[in-house]
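To keep things clear, I will list the structure first and then write my remarks on it.
Protein chains: 2
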Amino acid sequence: MLYDRLMAVDRDHVLRSAAALLTRKSTATMDEVAKAAGISRATLHRHFAGRDALVRALEALGIEECETALDAARLDEGPAADAVERLVREIESAAGLLAFLYTENQLFEGEEQNQGWTRIDDRISALFRRGQLAGEFRIDLTPAWLTEALYGLLASGAWLVQSGKGAPRDFRPMVVGLLLGGALRHPAQPREES
Amino acid sequence: MLYDRLMAVDRDHVLRSAAALLTRKSTATMDEVAKAAGISRATLHRHFAGRDALVRALEALGIEECETALDAARLDEGPAADAVERLVREIESAAGLLAFLYTENQLFEGEEQNQGWTRIDDRISALFRRGQLAGEFRIDLTPAWLTEALYGLLASGAWLVQSGKGAPRDFRPMVVGLLLGGALRHPAQPREES
DNA sequence: CCCCAGTGAGACAATGGTGTCTCAAATGCT
DNA sequence: AGCATTTGAGACACCATTGTCTCACTGGGG
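Residue numbers (this note's numbering), protein chains in the order written: chain A, 110 to 303; chain B, 110 to 303.
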């Protein structure tokens, strides 16, 4: 039906507004979320049964955007380092949402997390492992740690930009530069830019 | 008076229990905090007027531990890279608390943050700047970003250990290894361990 | 032994967010 | 214009947490 289609675009718009707001203020109330999306609390409730449902929908959105980014980054092709750069490029627009979900997930002690995340973790871990096997990456840092560190750096980068202490255009070089190269100068190894 | 001294040690014990609990479950209720400390909610309220007061006390504790770690790490001495390693070593025990406060601070949009943090930020930034001026660190990553990244990696590392996906003994090499060296192999540059 | 500061347990109202409902107004299609 | 559907605004009860209070109890010091 026509209405369903309209609901669909509205729902997506609401979801993205909520993501943008909750990224900045993770404790925002349902009323604030509604206002931020330009709708009433009643309508918000018609889209999402409750706060839980909203957060889970945001989680699904984040997972979806991650999967899309992972696909677009073609992690299997070419040097692993370049794949990492592509990944950060593709995932940059979702970094704020990821930061929100990343910290949100720390709240639940035992609760098993959405299976989608483990799948994403696996794909990213596999990339780092591939880089290690190819001799590109050091082997004394586990893929699990590199994956976790990537999340942390994405969140830190998003916050730095959010707070105005860093320029948005520097986001990718910051994250990639540190994740791959670290803070030390490596005179013989200037990373070639694509 | 005697009671004051007793209260003091109790207060500190309560504070550290609260830190340990809130590190794992940042939404823990006052009742849970009290139970975790082995006291009643009434007594908890006698120590800290309310939740705000408790969090602010935790913030003060975190700042204090950071300052202590910064002092102990002697950031001005020797190569900056070694100073970073010392800093992570000294700050490791507070990493969980830091992670809690770090994410807690993201909640408040405009609210000016505790001045203690800017002071700590400045000291760490100064360390990275020193390393850059000495030619140790690359200059295309700003000290502000390196500082933020350090926080992010400390938090990520703490969570990785918390979740059991990483061994506690690996915490420092993980954080320092990635922050300084990055993921790439640098064949000619094996970092000498102290 | 008595005193008394400190504690724990519980009652209590106040608060703030949530979820549900109603109804009038607006919107869009025919 | 007429109709169906969706919306916004508000009212409402509900719930969890908080902050305050009382009161009985314990345990250590005089």
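All C-beta atoms, glycine included, are put in the ideal place defined by N, C-alpha and C.
None of the values given here were measured: they were computed from a predicted structure.
Sequence-distant residues of the same chain with beta carbon closer than 8 Å to residue i, five excluded per side
i        : result
B:Arg210 : Reading the sequence as shown, one finds Leu at residue 210 of chain B and not Arg. Leu167, Glu168 and Gly171.
A:Ala143 : Ser149, Arg150, Thr152 and Leu153
B:Gln222 : Asn214
A:Glu141 : Leu130 and Lys134
A:Ala243 : Pro188 and Ala189
A:Thr177 : Glu199
A:Trp268 : Ala208
B:Phe52  : The question about residue 52 of chain B has no answer here: the residues shown for chain B are numbered 110 through 303.
Integer-rounded CB distance, given that residue j should sit under 8 Å from residue i
i        : j        : result
B:Gly225 : B:Thr132 : Contact doesn't hold; Cβ gap of about 19 Å is too wide.
A:Thr212 : A:Ser135 : 7 Å
A:Gly266 : B:Ser265 : Contact flag wrong, Cβ pair sits at about 13 Å.
A:Leu163 : A:Ala127 : 6 Å
B:Ala182 : B:Ala192 : 6 Å
B:Arg239 : B:Ala208 : In fact, because the Cβ distance is near 26 Å, the residues do not count as touching under 8 Å.
B:Gly290 : A:Arg247 : 7 Å
A:Leu153 : A:Met139 : 6 Å
B:Met283 : A:Leu250 : 6 Å
B:Leu179 : B:Ile229 : 7 Å
B:Ala146 : B:Val123 : 4 Å
Coil, strand or helix - residue i by DSSP
i        : result
A:Arg300 : Residue placement at A:Arg300 is flagged as unreliable, the pLDDT there being 48, under the threshold of 50; a coordinate-derived value is accordingly withheld.
A:Phe246 : strand
A:Leu206 : helix
B:Leu293 : strand
A:Asn223 : coil
A:Gln215 : coil
B:Lys144 : helix
A:Gly187 : coil
B:Gly159 : coil
B:Gly286 : helix
A:Ala182 : coil
A:Thr177 : helix
B:Ser149 : coil
B:Ser135 : coil
B:Thr251 : coil
A:Ser272 : coil
Same chain, Cβ closer than 7 Å to residue i, five either side skipped, listed in chain order
i        : result
A:Ser234 : Pro252, Ala253 and Thr256
B:Ala258 : Leu288
A:Pro277 : Val270
B:Glu201 : Phe280 and Arg281
A:Arg232 : Leu179 and Leu184
B:Thr227 : none
Residue burial classification, residue i (beta-carbon count within 10 angstroms, cutoff 16)
i        : result
A:Leu305 : Residue 305 of chain A lies beyond the stretch modelled for chain A, which goes from 110 to 303, so this question has no answer here.
B:Gln76  : The structure shown does not extend to residue 76 of chain B, since chain B is modelled only from 110 through 303, so no value can be given for it.
B:Glu186 : exposed
B:Ile275 : With the sequence shown as reference, residue 275 of chain B is identified as Gly, and Ile is not the correct amino acid for it. Flag for B:Gly275 reads buried.
A:Gln215 : buried
A:Gly286 : buried
A:Glu245 : buried
Cut-off 6 Å between Cβ atoms - residues of its own chain near residue i, not counting five sequence neighbours on either side
i        : result
B:Ser303 : Residue confidence for B:Ser303 is low, a pLDDT of 44 falling below 50, so the modelled location carries little weight and cannot support an answer.
B:His295 : none
A:Cys175 : Ile229
B:Arg125 : none
A:Arg165 : none
| At least three beta-carbon pairs within less than 8 Å, the region 195-205 of chain B to the region 149-163 of chain B | no
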